[in-house]
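In order, the protein sequences belong to chains A and B.
Residue numbering for the first sequence follows my numbering, starting at 2 and increasing by one per position.
Residue numbering for the second sequence follows my numbering, starting at 2 and increasing by one per position.
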Amino acid sequence: MSHLELSGISQSFRRADGSLHRVLAECSLAIERGEFVSIVGPSGSGKTTLFNVIAGLAAPQSGTVTIGGARVDGPSARVAYMLQKDLLMPWRTTLENVTLGLEIRGVPAREARRRGSELLERYGLAGSEGLYPGALSGGMRQRAALVRTMVLEPEIVLLDEPFSALDYQTRLMLECDVRRIIDERGCTAILVTHDIDEAVSISDRVVVLGGKPASVKLDVPIELTVEGARTPVTSREAPEFRRYHKAIWEQLEVALPGAA
Amino acid sequence: MTTDAKPLGAALPRRVVRGAPWLRHAAVPAVQLAIAAVVIALWQFGADAHLVNGQLFGTPAGIVSAARRTFADGSMAADTTATVYETVTGFVLGSVLGSVAGLMLWYSRFVARVVEPAAVAFNGVPKIALGPLIIIWLGAGVESKIVLAFVSTLVVALLAAYGATREVDADLVTLLRSIGASRWQIFRKLLLPSAMPFMFAAMRINVGFALVGAVVGEFISSQRGVGHAVFVAGNLFDLNTVWLGILELSIVAAIMYALLARCERLLVKGRT
Chain A
2 MSHLELSGIS QSFRRADGSL HRVLAECSLA IERGEFVSIV GPSGSGKTTL
52 FNVIAGLAAP QSGTVTIGGA RVDGPSARVA YMLQKDLLMP WRTTLENVTL
102 GLEIRGVPAR EARRRGSELL ERYGLAGSEG LYPGALSGGM RQRAALVRTM
152 VLEPEIVLLD EPFSALDYQT RLMLECDVRR IIDERGCTAI LVTHDIDEAV
202 SISDRVVVLG GKPASVKLDV PIELTVEGAR TPVTSREAPE FRRYHKAIWE
252 QLEVALPGAA
Chain B
2 MTTDAKPLGA ALPRRVVRGA PWLRHAAVPA VQLAIAAVVI ALWQFGADAH
52 LVNGQLFGTP AGIVSAARRT FADGSMAADT TATVYETVTG FVLGSVLGSV
102 AGLMLWYSRF VARVVEPAAV AFNGVPKIAL GPLIIIWLGA GVESKIVLAF
152 VSTLVVALLA AYGATREVDA DLVTLLRSIG ASRWQIFRKL LLPSAMPFMF
202 AAMRINVGFA LVGAVVGEFI SSQRGVGHAV FVAGNLFDLN TVWLGILELS
252 IVAAIMYALL ARCERLLVKG RT
């Protein structure tokens with residue numbers, strides 16, 4: 002049994018003019034415990050819809066989602082979200098932002114603060130506990146958002162383009178950190194991205210969504226030969242890197258006729 | 002696209018008042034006081050030299066003697082107390098009930114859609130037009146002025162709070178829902194704090210509206226209050242007492258603004 006199983010997920014929405022917009026058709030996917038999977042696809046290919054279904058925020062029209070064999074039918078403490086926007090609340094300090102989820106789950110304030118500051122320190126944000134988000138750089142804000150996600154001790158982390166608003170260096174650095182932290186905690190991760198390089202370099206497996214309505218076009222494990230430890234930086238040096246890039250790119254072109 | 006872009010002038014060197022820090026802090030109020038002193042001196046001089054008609058414009062000396070007279074006979078204290086009481090009570094009731102009602106509209110889109118057009122229409126009505134009705138219903142006492150100040154502030158507070166709930170980032174709501182937050186938790190941890198700056202902006206406007214409500218109520222019919230004193234003095238062409246009333250009202254407004262700013266600093270965090 003896989004950690005996360007999507008079977009036959011279909012979803013559609015009613016447009017304003019009353020016509021039916023089918024987003025996902027019969028999407029099936031099985032993800033093992035501890036796996037890091039990226040989902041690549043053009044805009045409007047239903048990635049966010051898929052996320053909402055996994056997070057239990059939206060029920061699929063048909064199909065089922067199971068986590069560790071248990072069916073998902075609402076927001077679950079086993080899944081946590083991280084988005085492109087850091088979504089830090091400007092009226093809360095870094096530490097208060099990080100402990101938000103613990104607060105909502107009813108963890109006593111003292112315990113929440115202890116766990117929050119411990120993680121902030123571990124992940125390179127020592128000293129920023131008392132600062133408001135307005136005083137943090139983009140990279141630090143996204144890192145704080147990561148800590149806010151990880152402090153909930155999820156089994157599955159959903160990453161919805163969390164790096165796309167960052168500059169190149171910050172982005173590489175944060176990719177390395179995210180991958181390391183997720184491995185350290187033994188989490189299963191799903192990353193949605195537009196960036197093929199990012200998907201190949203950070204993931205164990207890349208899934209391409211395409212078509213209207215969208216379904217799985219390609220599901221390819223990434224095996225790279227690197228010297229020393231594999232990180233999103235060293236992965237880019239691997240001889241197989243371009244080949245994976247090309248294979249995925251071709252699938253995207255099929256899904257996006259006429260696009261350059 | 003960056004959100005922390007500095008204003009264009011920020012990079013340019015600015016002329017600053019040089020000298021000790023206390024001097025720099027004192028510079029602005031010192032200039033303000035100097036301007037006030039010059040205007041008052043010119044005004045008094047003009048009246049003394051018969052360049053300005055003291056009967057039509059009042060005089061600084063006349064205002065001082067009006068202040069002394071009303072202070073001595075206790076009417077200054079009685080009138081300002083009455084007006085402050087009416088204004089503050091109406092303001093607090095209007096701001097609190099209006100804000101609560103506006104925030105509650107977040108809970109029900111249906112009720113919001115029913116209420117909104119009426120609120121917008123009522124917002125456009127000059128509330129002082131309700132004065133005669135309210136005075137007929139409630140009499141010439143403080144109650145009618147409180148209600149006038151209340152209706153003058155209520156809808157502004159309601160529309161501001163409701164507008165604020167619609168400004169809330171939908172992704173933040175999704176994030177909180179994914180963590181398992183209840184509707185009440187979303188309200189308390191997200192809606193309320195993010196609406197706070199908007200509600201304070203509405204309250205700053207409402208200080209003025211509450212004063213207008215109370216003072217106009219006193220104009221229409223009353224036995225005391227600064228508005229009453231100004232109205233009576235105006236009918237008697239006693240312009241010094243009218244000026245005194247205006248001065249008292251601006252002091253009341255300034256104190257209310259200052260208290261409001263203090264509350265805002267305590268309650269609205271993390272915005273620079």
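Glycine included, each C-beta is placed from N, C-alpha and C at the ideal position.
Item                                                                                                                         : Value
Counted within 10 angstroms of its Cβ, other Cβ atoms place T94/A as buried (16 or more) or exposed                          : buried
For R263/B and L89/A, the rounded distance between their alpha carbons                                                       : 25 Å
Closer than 9 Å at the beta carbon, the chain A residues around V269/B                                                       : W92
Assigned secondary structure, P222/A (DSSP; H/G/I helix, E/B strand, else coil)                                              : strand
Cβ pair F199/B, A161/B closer than 7 Å                                                                                       : yes
Length-filtered (4 minimum) alpha helix (DSSP H) runs lying within the segment 134-217 of chain B                            : 143-167, 171-180 and 184-187
Residue range of the unbroken beta strand (DSSP E) whose run includes I10/A                                                  : L5 to R15
Beta-carbon proximity list for I191/A, same chain, < 6 Å, skipping 5 on both sides                                           : V38 and L159
Classification of M141/A by the beta-carbon crowding that lies within 10 angstroms, buried from 16 upward                    : buried
S63/A in three-state terms, based on DSSP                                                                                    : strand
Reference W107/B; option with closest CA among A230/B, F92/B and E168/B                                                      : E168/B
Boundaries (first-last residue) of the beta strand (DSSP E) holding M105/B                                                   : Segment S76 to M105 is the alpha helix (DSSP H) holding M105/B; no beta strand (DSSP E) there.
Coil, strand or helix - A21/B by DSSP                                                                                        : coil
The segment 236-253 of chain A / the segment 206-223 of chain A touching (three or more Cβ pairs under 8 Å)                  : yes
First through last residue of the alpha helix (DSSP H) which encompasses S109/B                                              : Counting along the chain, S109/B falls outside any alpha helix (DSSP H), and DSSP gives it neither H nor E.
Bounding residues of the alpha helix (DSSP H) (the contiguous stretch that carries R123/A)                                   : A110 to R123
Residues, ordered as in the chain, of the segment 102-127 of chain B that lie near chain A by beta-carbon distance below 9 Å : none
Proximity to M257/B [Cα-Cα], best of I136/B, A211/B, V217/B and L43/B                                                        : A211/B
Buried versus exposed, by CB contacts within 10 Å (16 or more), E251/A                                                       : exposed
Whole-angstrom distance between V152/B and A256/A, CA atom to CA atom                                                        : The predicted model places A256/A with a pLDDT of 48, which falls under 50 and marks its position as unreliable, so this point remains unresolved.
Extent of the continuous beta strand (DSSP E) run through M83/A                                                              : V80 to L84
Own chain, CB closer than 6 Å to L84/A, minus 5 neighbours either side, in chain order                                       : D161
Proximity test, Cβ basis, 7 Å: K86/A and chain B                                                                             : yes
N- and C-terminal bounds of the beta strand (DSSP E) containing A136/A                                                       : No beta strand (DSSP E) holds A136/A; DSSP gives it neither H nor E.
Selected residue, minimal CA-CA separation from V201/A, among I182/A, L25/A, R181/A and L225/A                               : L225/A
Any chain A beta carbon closer than 7 Å to I247/B                                                                            : no
Rounded straight-line distance, which links the Cα of S109/B to that of P163/A                                               : 33 Å
Bridge partners - R206/A, DSSP secondary structure assignment                                                                : V38/A and P222/A
Inter-residue Cα distance where the pair is D87/A and V157/B                                                                 : 33 Å
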